[in-house]
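In the working numbering, the protein residues as written are 3 to 339.
Ideal Cβ placement from N, Cα and C applies to all residues, glycine included.
Because the structure is a prediction, the values reported are computed rather than measured.
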């Protein structure tokens, strides 16, 4: 039996706890700064709970899953690796690249093993697109188009600490583009607008944004994001090459209604209902991701998403922030440390 500790039982943490509890051969112990929440979730699942992270780490864990707010990620990763426990942590590693580098040094110091949560690496469409690219089936890849669209904005309090739309939202697309193509981003040009709730502008954020990425083989990628996609939650990736093109995310839950003659209207496509949010869209991917962490913690597979990959995606987001603020192209060399 593999014993995993989970800290943080908010929305994504509760989902992870239920997923881990359902995996064969896995036992889970939950903890949260609000002990009552952990006790309530544990009671509903019939699992154990711990009153704090210290008690959790003294439970002789085989792995630790971190699903807490961003500000606590760095500390919890460091405490986990210092205790000799493999760690899974939701993105981001830390608020900025400087702090992320400090975490990487700590992981290296303890010889730690840390998997970061970029669940699109486990989505069937994204994995199939990557396989096509790596097999050369598309020929020379020249264009990618990625989008992440939320149906409605999160609360003002979330935006205040999110790090902005590129770090919080588009960073998933940045990681996916790197992972699917196997290429690095060399420069970006980004822009954004804040036409919705006043708090976006107040916090210096955008509610709609777009970026053009140049890869190290001169392929181009466009990445768009919005907090106001009223039709539903939409995440797609198109990959175009000299011999073929593929698209990920075009299933019956994609909120996209064709209006071409003979194609639109109810009951044609998509059949719906539209995805309400990321947990519905990536439900299967989250299961595969945590199953992979179990195998990684047990030493049966290589790390499917190392901390260094999270740092590279964050570099792209930071370059986009500078580009948006200064209205100019930004080379990744400007932000890499």
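For residue 117, the enclosing beta strand (DSSP E) stretches over residues 116-119. Between the region 205-212 and the region 153-170, the count of Cβ pairs shorter than 8 Å is three or higher; the stretches touch. Counting along the chain, residue 99 sits inside the alpha helix (DSSP H) bounded by residues 99-112. In the three-state reduction of the DSSP assignment, residue 25 falls in the coil class, being assigned neither a helical nor a strand state. For residue 293, the uninterrupted alpha helix (DSSP H) run begins and ends at 285-299, by DSSP. When the beta-carbon positions are compared, residue 256 and residue 236 come within less than 8 Å of each other. For the pair residue 180 and residue 294, the CB atoms are not nearer than the 8 Å cut-off. Distance from the CA atom of residue 321 to the CA atom of residue 43, rounded to whole angstroms, is 40 Å.
Where residue 41 is concerned, the enclosing alpha helix (DSSP H) starts and stops at 37-47.
When the alpha-carbon of residue 338 is set against those of 103, 325 and 75, the nearest one is in 103. Counted as a single uninterrupted DSSP element, the beta strand (DSSP E) harbouring residue 91 occupies residues 89-92. Listed in chain order, the non-local C-beta contacts of residue 169 below 6 Å within the same chain comprise 319, local neighbours out to five positions each way being set aside. Between the region 71-89 and the region 102-121, the count of Cβ pairs shorter than 8 Å is three or higher; the stretches touch.
With fewer than 16 other beta carbons inside 10 angstroms of its own, residue 329 counts as exposed. If you compare the alpha carbons of 63, 25 and 121 with that of residue 94, the shortest gap goes to 121. Proximity to residue 63 across 229, 28 and 303 peaks at 28, based on C-alpha coordinates.
The three-state secondary structure of residue 210, taken from DSSP, is strand. The beta carbon of residue 232 is closer than 8 Å to those of 153 and 154 in its chain, skipping five residues each way along the sequence. In the DSSP annotation of this structure, the continuous segment of the alpha helix (DSSP H) that includes residue 174 starts and ends at 173-183. Restricting attention to 197, 248 and 45, the CA atom closest to the CA of residue 139 is found in 248. Taking the Cα of residue 82 as reference, the smallest distance to any Cα among 61, 189 and 97 is reached at 61. Relative to residue 251, the option among 326, 303, 45 and 127 whose CA is nearest is 127. When only Cα atoms are considered, residue 189 and residue 217 end up about 7 Å apart. One Cα belongs to residue 177, the other to residue 311, and the distance between them is close to 7 Å. Boundaries of the beta strand (DSSP E) harbouring residue 240: 236-243, taken from the DSSP string.
By a beta-carbon distance limit of 8 Å, residue 182 contacts residue 135. Their separation comes to about 6 Å.
Per the coordinates, the alpha-carbon of residue 192 lies some 17 Å from the alpha-carbon of residue 203.
DSSP, reduced to helix, strand and coil, places residue 216 within a strand of the structure shown. In this chain, residue 73 is not harboured by any alpha helix (DSSP H), its DSSP state being neither H nor E.
In terms of Cβ geometry, residue 9 and residue 39 do not form a close pair [threshold 8 Å]. For residue 127, the three-state secondary structure derived from DSSP is helix. The three-state reading of DSSP puts residue 10 in coil, since its state is none of H, G, I, E or B. Taking C-beta separations shorter than 6 Å and ignoring five residues to either side along the sequence, the partners of residue 196 in its chain run 202, 203, 208 and 209, following chain order. Under the DSSP assignment, residue 322 falls in the alpha helix (DSSP H) whose first and last residues are 309-328. Between residue 211 and residue 194, the CB-CB gap stays under 8 Å. For the pair residue 74 and residue 200, the Cα-to-Cα distance works out to about 28 Å.
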